[in-house]
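Have a look at the structure below, then the notes.
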Amino acid sequence: MNNEIAVLGVGMHPWGKWGRNFVEYGVKAARDALEDSGVRWQDVGFVSGAATMRCGYPGYVAGATFAQALGWQGAEVNT
0 MNNEIAVLGV GMHPWGKWGR NFVEYGVKAA RDALEDSGVR WQDVGFVSGA
50 ATMRCGYPGY VAGATFAQAL GWQGAEVNT
């Protein structure tokens, strides 16, 4: 494995009133990014979580949470 990182596609969840949880929004954005890039989920080698801010309180959504929701396929995971 090398140290190169490539961002090949982008995706965004619908914006506005919440109504869904962070994981659902993240999965939507990830699937859109995969479709935009033409990369299959099975070919992704690394998944990372992110810091969040909600109602003024910091938190995070773990990379493992997204990987599991997408159907973890053995990629390395970081939070």
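At position 45 of the sequence shown (counting the first as 1) the number is 44 in numbering that gives the first Met the number 0, and the numbers step up by one without a gap. By construction, the Cβ of each residue, glycine as well, lies at the ideal position given by its N, Cα and C atoms. All values derive from a computational prediction rather than experimental measurement.
Top-ranked residue by Cα proximity to G10, from G37, R19, N1 | G37
Going by the beta-carbon positions, is the gap between N20 and S47 smaller than 8 Å?
-> no
Between which two residues does the beta strand (DSSP E) carrying V46 extend?
-> 45-47
So the beta strand (DSSP E) E3 belongs to, where does it begin and stop?
-> It is not in any beta strand (DSSP E) - E3 carries neither H nor E in the DSSP assignment.
Report the three-state DSSP secondary structure of V26 (helix, strand or coil).
-> helix
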